[in-house]
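Chains as they are written, first to last, in full-length UniProt numbering: chain A, 1 to 441; chain B, 1 to 358. Note that beta-carbon positions come from the ideal geometry of N, C-alpha and C, so glycine has one too. As the structure is a computational prediction, the values presented were derived from the model and not from experiment. I have placed the structure first, in the form of structure tokens, so that the comments after it can refer back to it.
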Amino acid sequence: MNTKQLTASLGLALALGTGATSPAFAQSNEQFIALADYRVGPYGANGQSFYGGFIDYLQYVNLKNGGVNGVKLTWEECETEYNNAKGVECYERLKGKNPTTKGTAYHVMATGISYALIDKTATDQVPLVMMGYGRTDAVDGTVFPWAFPLVTTYQMQASAIIKFLADKNGGQLNGKKIVFLYHDSAYGKEPIVAMQAESKIHKFNLIEIPVAHPGNEQGAQWLRIRQENPDYVVFWGWGVMNQTALKAAQKVGYPREKIVGSWWAGSEEDTIPAGPAAKGYMSATWNVAGKQVPLIADIEKVVYGAGKGNMQDPSKVGSVLYNRGVSAAVATVEALNTAQNKFGKGKVSTPVQVRWALENLNIDAARLKALGATGLLPDIKTSCEDHEGSGKVRIQQWDGTKWVMASDWIEGNRRLIHPLFEASAKQYAKEKGITPACFKG
Amino acid sequence: MFYREAGQFKTSYVADSQIFPIRQDRIAVCSVLVVAFGVLPWIASEYWLTAILVPFLVFSLAALGLNLLTGYAGQLSLGTAAFMAVGAYASYNFQLRIDGMPILASFALGGASAALVGIAFGLPSLRIKGFYLAVATLAAQFFVLWALTKFPWLSNNSSSGVITAQKISVFGVDVDTPVRKYLFVLGVVTLMALVAKNLVRSHIGRAWMAVRDMDVAAEVIGIPLMRVKLLAFAVSSFYCGVAGALYAYCYLGSVEPDGFSLDLSFRILFMIIIGGVGSILGSFLGAAFILLLPILLDSTLPAIATFLHLPFTNATVSHIQLMVFGGLIVFFLIAEPHGLARLWQIAKEKLRIWPFPH
């Protein structure tokens, strides 16, 4: 009997699975956007804010403008749980849902998943967007035509943080001591090359201290920091590690005003749990928090006014990660706009067209103003050689209740960092037998 | 009735010692193979091939490896994912550093490297067993991941520790389309499953089972414990290593050390527990259960929710999926602690006497 049930359920699985993959009926005037996202799992809280913002903006474009030039946006989520294997499964599932758009452009917000998808998306000819994370040498579009680490990368961020610290010291860091405290993973290690290159130029003493995943025990590391007594700590933390670091710094009496975190170590999810220990802590960011940005206020009015908001906890609207999700959606919708301007307004864009648009993206100050997004994210101008398009961050500081801006937009040292990307991309091209060239679709 | 063996006479030793002594089994296995090799590549969609069948086969192979060690030789291990990582990284390095290295040789050498690491971490099994051994193999899990991030040479100095698999071709045929990848993985897995099936029927398998059932008794009847246990670790790690290489080259395309976390080891352990400890078929059934059920729930729950007009969000679906999944595992283990393979065995016995049960 049990076997029969088993066979029956397996048969059902087969039938349903096949059904799930048969392409959904493609509406003639709908732009289907695939969202391989996560709301549960180790970083679920971050995913909820990020993808909540993303979906809210898509909803906003539909409600306010009736879509992009009349093309309505539709989307479907697939839960990856921040797991690489699941991410690949989700990608394969969503890709087949709509044969015209193939999911438009993928934002997976996970370095591991984007690494796994880089080859697949290139073969399938679908754009993969990694805003502020991912395989950073994909900045070189001649080797990675389908991957876009838009806005800025870890290396440029590290360089910008050093610039910020140098500016505080009258332009030099000569003889200073800087600790680089990082999550011992792909994410934490990527900026090391940039930090080392900067330490040679600025002649500061760099001390690298790794923290093992998940980082909820940092006693030894902070003891060492107290002994070394560095001038600054550049902090590359993640998840639970961030609040632990702030509390540990307080315990050993290291001033938080001298710690500068990365943009994944600078959200309300990190500072609020740390309580008073977080006051004065600084972090980089490529998108501004708060509702003073007109676009965020308008989203709240239009989308939540219509009762169609995606956030279960609407008080998080305007948080760093929420606004980051909105920024990512803005980039996607602007790419659709750019694609339609070139290939025909009011038409559904194919992935090839979206790729072209992402490579010829030009979101300047005027465009940001028109969107009501002035100050939300830096201006972006991409090209075949530069899939990053900006490389700017701002430094924000936690005043005990909210993030306030501590600097204007700072651009990392492009002439130092971009050759590092090119060298790394060249090595990849050699391993894979790719001849670097600008894509002609 | 369906499994009537009446009339199937074995008149020679060869006939008596074939892998599947019952004709029905032979027919079933052959037809499964015919469908897998001849039919599925034509009818399965790209999604099925790349996102379901390939990972299913890869995890079946890893589960098979663990099953040889845990199910047959009785040595509990939590280092499966680490051995997979060794296989993946070693294959990558052999392919990268030696010009003109055939991919199959890379995979075999990757498996061999995993086997060596397996032997090293299997050494404690000579002194300790059960849970204690499981904790000792946990060291493999931590050590291998640490080594992969610590020594950048292993990942070709990639700044992030992530490797991307090279393009592969077998005997001049590029393995690049979903169908070819599937057929390649299927070929490797079929071959290795066949070898495993024969291995456990041979004197080696019998020695493993003797050690599993009572190692003192096994030693008394002259089985060299050290050799047998270490061989089990070597063979098992070899299987896991090849599975890791296939996982990197034919499924993900790029792997990072974090991908081979303890979590993956546990998943593979669950596969053999659900599928059936000490059974080749069980490895496949377990992998199917652990991999396919979440996907099935994922695609059916939202539909059910809309049908019942329940306000489900994506996150709720995920949570319900975890609960149902956990519940089913508990149910299965209570209903049949020996796993799905045992259920199949019971079914066969019932079919044999159908329609006259006692």
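**Request:** Please state if the CB of A:THR104 and the CB of A:ALA34 are separated by a distance shorter than 8 Å.
**Result:** yes
**Closer than 8 Å at the beta carbon, the chain B residues around A:GLU431** = LEU96, ASN156, THR164, GLN166
**Prompt:** For A:GLY11, does the three-state DSSP call read helix, strand or coil?
**Reply:** Caution is warranted here: a pLDDT of 43 is assigned to A:GLY11, below 50, making its placement in the model unreliable, and no coordinate value can be reported.
**Prompt:** In chain order, what residues of the region 166-199 of chain A put their CB closer than 8 Å to some CB of chain B?
**Reply:** ASP184, SER185, ALA186, TYR187, LYS189, GLU190, ILE192, VAL193
**Request:** Let me know the secondary structure DSSP gives B:VAL54 once reduced to three states.
**Result:** helix
**Prompt:** Can at least three beta-carbon pairs, one atom from the region 31-40 of chain B and one from the region 203-210 of chain B, be found at a separation below 8 Å?
**Reply:** no
**Asked** Is there a Cβ from chain A that is less than 8 Å from the Cβ of B:PRO55?
**Response** yes
**Request:** Please report how far the alpha carbon of B:SER283 lies from the alpha carbon of B:ARG227, in whole angstroms.
**Result:** 25 Å
**Among A:THR121, A:ILE192, A:LEU181, nearest to A:GLU228 - alpha-carbon criterion** = A:LEU181
**Nearest residue (CA-CA) to B:GLN166, options B:ALA136, B:LEU96, B:PRO257** = B:LEU96
**For B:VAL235 and B:VAL220, the rounded distance between their alpha carbons** = 24 Å
**Asked** Closest Cβ-Cβ distance between B:HIS338 and chain A: below 8 Å?
**Response** no
**Asked** Under 7 Å Cβ-Cβ, which residues of chain B neighbour A:LYS120?
**Response** GLY253
**Request:** Mind checking which residues open and close the beta strand (DSSP E) that includes B:TYR182?
**Result:** No beta strand (DSSP E) holds B:TYR182; the alpha helix (DSSP H) holding it covers 178-201.
**Message:** Considering just the uninterrupted stretch of the alpha helix (DSSP H) at B:TRP354, what are its terminal residues?
**Reply:** First-last for B:TRP354: undefined, no H or E at that position.
**Request:** Find the nearest neighbour of B:SER106 within the set B:PRO41, B:GLY241, B:ASN157, judged by alpha-carbon distance.
**Result:** B:GLY241
**Prompt:** Given that a residue counts as buried once 16 or more other Cβ atoms are within 10 Å of its Cβ, and exposed if not, what is B:ARG201?
**Reply:** exposed
**Beta-carbon contacts of A:ALA160 that lie in its chain and below 6 Å, excluding the five residues immediately before and after** = VAL393, ILE410, GLY412
**Message:** If distances are taken between C-alpha atoms only, which option among A:LYS72, A:ALA284, A:ALA248 comes closest to A:ALA278?
**Reply:** A:ALA248
**Under the three-state DSSP convention, the category A:ASN413 falls into** = coil
**Request:** Counting only the same chain and skipping the five closest in sequence on each side, list residues whose C-beta sits under 7 Å from that of B:VAL170.
**Result:** ILE103, LEU104, PHE184
**Prompt:** So, is B:TRP153 buried or exposed, given that buried needs 16 or more other C-beta atoms within 10 angstroms?
**Reply:** exposed
**Prompt:** Alpha carbon to alpha carbon, what distance is there between B:VAL39 and B:THR190?
**Reply:** 16 Å
**Asked** Whose Cβ in chain B lies nearer than 9 Å to the Cβ of A:ALA88?
**Response** Correcting the residue type first, residue 88 of chain A is Val in the shown sequence and not Ala. Going along chain B in sequence order, the residues near A:VAL88 (Cβ under 9 Å) are THR50, ALA51, PRO55, TYR251, LEU252, GLY253.
**Prompt:** Terminal residues of the continuous alpha helix (DSSP H) containing A:SER327?
**Reply:** 320-343
**Message:** Residues in the same chain with beta-carbon distance under 8 Å from B:ARG4, minus the five sequence neighbours each way, listed in chain order, please.
**Reply:** ARG352
**Item:** Residue interval of the alpha helix (DSSP H) (run including A:VAL68)
**Value:** From DSSP, A:VAL68 is part of no alpha helix (DSSP H); its letter is neither H nor E.
**Prompt:** Between the C-alpha atoms of A:SER424 and B:ILE329, what's the straight-line distance to the nearest angstrom?
**Reply:** 46 Å
**Prompt:** Is A:GLY394 helix, strand or coil by DSSP?
**Reply:** Gly is not the amino acid found at residue 394 of chain A; the sequence shown has Arg there. Note: A:ARG394 maps to strand in three-state DSSP.
**Spatial distance of residue 365 of chain B from A:LYS316 (CA atoms)** = In the structure as shown, chain B starts at 1 and stops at 358, and residue 365 of chain B therefore has no counterpart that could be examined.
**Message:** Which residues in chain B have a C-beta closer than 8 Å to the C-beta of residue 448 of chain A? List them in chain order.
**Reply:** Because chain A spans 1 through 441 in this model, residue 448 of chain A falls outside it and cannot be assessed.
**Request:** Give the secondary structure of B:GLY282 by DSSP, where H, G and I count as helix, E and B as strand, and everything else as coil.
**Result:** helix
**Item:** Through-space distance from A:SER349 to A:SER22, alpha-carbon basis
**Value:** Reliability fails at A:SER22, whose pLDDT of 38 lies under 50, so the model's placement of it is uncertain and no value is given.
**Message:** Does the CB of B:GLY275 have a neighbour CB from chain A at under 8 Å?
**Reply:** no
**Request:** Could you have a look at B:PRO102 and say whether DSSP puts it in helix, strand or coil?
**Result:** coil
**Asked** According to the Cβ coordinates, are A:TRP238 and A:TYR322 closer than 8 Å?
**Response** no
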